[in-house]
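Taking it in order: structure first as structure tokens, then the write-up.
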Amino acid sequence: MQERRSQTRMLCADLVEVFWRDPDGKRCRASALLEDISVTGACLQMETPLPVGVQVRWCVSSQPSAKPRSAKKEFTGVVRYCEYREIGYFTGVEFDSASRWSKKAFHPQHLLDLKHLMAPAKQ
0 MQERRSQTRM LCADLVEVFW RDPDGKRCRA SALLEDISVT GACLQMETPL
50 PVGVQVRWCV SSQPSAKPRS AKKEFTGVVR YCEYREIGYF TGVEFDSASR
100 WSKKAFHPQH LLDLKHLMAP AKQ
């Protein structure tokens with residue numbers, strides 16, 4: 000499958016709360032696992048499917064953390080895909096321009112930069 004992303008995604012894991020409105024305008028909420036993240040978007044693993052095009056807001060869950068959290072803990076965007084894969088729904092969210100991600104804005108509980116990991120060792 001061809002890579003369609005404009006930014007490199009970093010693998011991560013953190014529990015987040017996702018908020019959206021259903022077609023009737025009812026407020027909805029679900030827990031999700033943050034799977035990966037980039038400057039412009041993220042992938043959330045959820046038990047609930049979300050419609051493509053729906054506006055979402057997600058924030059860090061209030062679970063205790065070993066690492067101190069940074070100030071910005073909320074992101075907004077639009078669902079670009081939602082597909083079921085064996086263990087749940089994987090939901091791709093494109094961030095709004097005001098919700099760009101950086102390590103300073105939010106550092107997930109676990110974060111892995113594959114480019115850094117795969118870089119040749121300096122001698």
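Numbering-wise (numbering that gives the first Met the number 0), the sequence shown opens with residue 0 and increments by one. Heads up, the beta-carbon is just placed ideally off N, CA and C, and yes, glycines get one too.
Extent of the continuous beta strand (DSSP E) to which residue i belongs
i   : result
R56 : 54-59
V92 : 88-94
V77 : 73-83
Residue i - DSSP class collapsed to helix/strand/coil
i    : result
S37  : coil
S101 : coil
Identified DSSP bridge partners for residue i
i   : result
W29 : Here residue 29 turns out to be Ala, not Trp, going by the sequence shown. Paired residues: V17.
L43 : L33, T90
Residue burial classification, residue i (beta-carbon count within 10 angstroms, cutoff 16)
i    : result
T7   : exposed
I86  : exposed
E82  : exposed
D194 : Since the first residue of the chain shown is 0 and the last is 122, residue 194 is not available in this structure.
C27  : exposed
V51  : exposed
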